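Peer 1:
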Amino acid sequence: IGYLFQEGALFDSMTVFENVAFPLIEHKKLPKKEMEKEVDKLLSAVGLREAKDKYPSELSGGMRKRAALARTLALQPQVILFDEPTTGLDPILQRSILDLIMEVKRHFNLTCVIVSHDVPLALNYGDQIAFLHEGVIVEFGSPDEIIKSEHPFVKKFLESAIVCSSQNIEKSAGGRL
């Protein structure tokens, strides 16, 4: 199982290459050439090959998340748990990261578990959704099944998310909607 922290948790004193190589050095004990080839492959898979010599402080938020994803993939997990992978990103980068997660999921044949309070993310990208309330799964199903849920908390959560999104859009448009 791999875990992708919300903020990536990259080592500040290491380059992107060194961050991705770290789990390979610590756990796989690969020969140097093989390890370098594996890191290059992982960085290419997340579109960061040209950033391999940069430090985390030199990267954008989206690049840091991609570097962290490459590091998570290094140990070839079958399952990756993502903690709020789009937090702190603008809508364009959010979609880019989510599309990358879906691409990596297909390419590496992974099961991805995304923890998020972002309703559109869950409904648009989830195959199955588990709705937690007070530490208990209160609803589980496809996005369509979740939308049709009769559970009071799920209904209220979904309605609130829709109202908040509508109010934010209306406010941004100066009440012109």
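Numbering (the working numbering), first residue to last: 3 to 179.
We treat Cβ as the ideally placed atom computed from N, Cα and C, and that holds for glycine.
Keep in mind the model is a prediction, meaning the values are calculated, not measured.
1) With three or more C-beta pairs closer than 8 Å as the rule, is the region 32-45 touching the region 93-102?
2) Go to residue 24, then tell me how far its alpha helix (DSSP H) extends in each direction, as first and last residue.
3) Run the CB neighbour count on residue 111, radius 10 Å, all protein chains shown included, and call it buried at 16 or more, exposed below.
4) How big is the Cα-Cα spacing for residue 14 and residue 53?
5) Would you kindly work out how many angstroms separate the C-alpha atoms of residue 113 and residue 104, rounded to a whole number?
6) Take every Cβ of the region 59-77, pair it with every Cβ of the region 14-27, and state whether three or more of those distances are shorter than 8 Å.
7) Take residue 80 as the anchor and find which of 137, 41, 106 has the nearest alpha-carbon.
8) Would you identify the three-state DSSP class for residue 63, choosing helix, strand or coil?
9) Give the straight-line distance between the Cα atoms of residue 100 and residue 89, rounded to the nearest whole angstrom.
10) From the DSSP secondary-structure annotation, give me the bridge partner or partners of residue 91.
11) Just to confirm, is the Cβ distance from residue 115 to residue 133 under 8 Å?
12) On a Cα-Cα basis, can you pick out the residue from 161, 86, 39, 109 that is closest to residue 20?
13) Measure the alpha-carbon distance for residue 1 versus residue 135 and round it to whole angstroms.
14) Tell me whether the beta-carbon of residue 61 lies closer than 8 Å to the beta-carbon of residue 69.
Peer 2: Taking the structure as given:
1) Taking 8 Å as the limit for Cβ pairs, the verdict is that the region 32-45 does not touch the region 93-102.
2) For residue 24, the enclosing alpha helix (DSSP H) stretches over residues 18-25.
3) The residue in question, residue 111, is exposed, as its Cβ has fewer than 16 Cβ neighbours within 10 Å.
4) If you take the alpha carbons of residue 14 and residue 53, they lie about 14 Å apart.
5) As the crow flies, the alpha-carbon of residue 113 is around 10 Å from that of residue 104.
6) The region 59-77 is in contact with the region 14-27.
7) Residue 80 has its Cα closest to that of 106, out of 137, 41, 106.
8) Looking at residue 63 - three-state DSSP - the assignment turns out to be helix.
9) Rounded to the nearest angstrom, the two C-alpha atoms are 11 Å apart.
10) Per DSSP, none; premise fails for residue 91.
11) No, Cβ-Cβ distance for residue 115 and residue 133 is not below 8 Å.
12) Of the listed residues, the one whose Cα sits closest to residue 20 is 39.
13) This structure cannot speak to residue 1, because the chain is shown only from 3 to 179.
14) Yes. Within cutoff.
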